[in-house]
Structures are given as structure tokens and as C-alpha cells.
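Each residue of the sequence shown is one higher than the one before, counting from 200 in our numbering.
We treat Cβ as the ideally placed atom computed from N, Cα and C, and that holds for glycine.
Predicted model only: the values in this text are computed from it and were never measured.
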Amino acid sequence: MTERRKFMRFNVLLDVLHTAFDGRDAKVPMRSKDISKDGVRLSGYNPLPQGSRIELEMKIPGDNMPIIASGEIAWTAHVGETNYDYGVRFTKIENYDRARLLGYVYNEWIKTRKTSVI
Numbered sequence: 200m201t202e203r204r205k206f207m208r209f210n211v212l213l214d215v216l217h218t219a220f221d222g223r224d225a226k227v228p229m230r231s232k233d234i235s236k237d238g239v240r241l242s243g244y245n246p247l248p249q250g251s252r253i254e255l256e257m258k259i260p261g262d263n264m265p266i267i268a269s270g271e272i273a274w275t276a277h278v279g280e281t282n283y284d285y286g287v288r289f290t291k292i293e294n295y296d297r298a299r300l301l302g303y304v305y306n307e308w309i310k311t312r313k314t315s316v317i
């Protein structure tokens with residue numbers, strides 16, 4: 200199988216709230232599994248169809264200001280009895296928010312590298 204990703208993914212757990220792009224649904228809690236420059240893999244309990252557009256609010260621990268992004272569901276996979284994984288491709292994220300997100304991801308990656316070397 201050919202790898203199609205353009206950017207490396209980092210295993211980082213973040214609390215995420217998502218809202219359907221049309222705003223009809225309340226904010227639904229999810230959890231990130233991994234993050235890259237252009238997207239995030241989320242875990243949740245409701246099926247989201249491929250192509251759905253969603254709004255994301257990602258919470259970095261210790262930071263009071265959430266990272267806001269828009270995205271599109273690239274794929275959905277049923278895992279376990281009631282869980283789903285979703286691949287979300289960012290369609291809009293401010294440069295400042297992307298830099299904050301990637302800075303946090305990088306710092307978490309450095310921490311895991313240090314503990315695995317020791």
C-alpha cells in the first residue's frame with residue numbers, strides 16, 4: 200500500500216469539540232489521536248460521513264485559548280462496538296493557530312524522544 204500522507208503525523212492527545220458546519224448540532228466532545236500540519240485523526244462515538252464539513256475547537260493543556268479550525272472528513276472507520284475514528288483534513292486554520300498547534304505537538308514529541316532515549 201502506498202503512503203499518501205504529505206506530512207508526518209505525531210501521536211498527541213487533545214480534547215476537541217466539534218460542531219457540524221451548518222451549526223445545527225451542539226458541540227460534541229472528541230479526542231485527537233494524531234496530528235499533522237494538514238489534519239488530525241479524531242476518535243468519537245457518532246458516525247460522520249465522508250465529505251462532511253465540521254468546525255473544530257482544540258484545547259491545548261495549560262492554554263486558555265482554544266485553536267479553531269474548519270475541516271472536512273476525509274474518512275471514517277468503525278473501531279470497536281461504539282467508537283469511530285475520523286480523518287479530518289484542515290480546510291481553514293489561521294497561521295497563528297497552526298503555529299501554536301504545531302509548537303505544542305513538537306514539544307510533546309521532544310518529550311517522548313527524551314524519555315525513549317534515557
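Give the single residue among the options whose Cα lies nearest to the Cα of residue i.
i	options	result
Glu254	Gly302, Ile266 and Leu300	Ile266
Tyr285	Val211, Lys226 and Gly238	Gly238
Leu216	Phe209, Asn210, Asn282 and Ser231	Ser231
Ala268	Ala276, Tyr283, Gly243 and Leu300	Leu300
Lys258	Arg208, Arg312, Pro228 and Asn294	Pro228
Leu247	Tyr283, Leu213 and Pro260	Tyr283
Using the three-state DSSP reduction, which class does residue i fall into: helix, strand or coil?
i	result
Thr201	Because the pLDDT at Thr201 is just 48, under 50, the model does not fix this residue reliably, and the point stays unresolved.
Val304	helix
Tyr283	strand
Lys310	helix
CB-CB under 8 Å to residue i, same chain, minus the five flanking residues each way: which ones, in chain order?
i	result
Thr281	Tyr244
Run the CB neighbour count on residue i, radius 10 Å, all protein chains shown included, and call it buried at 16 or more, exposed below.
i	result
Tyr303	buried
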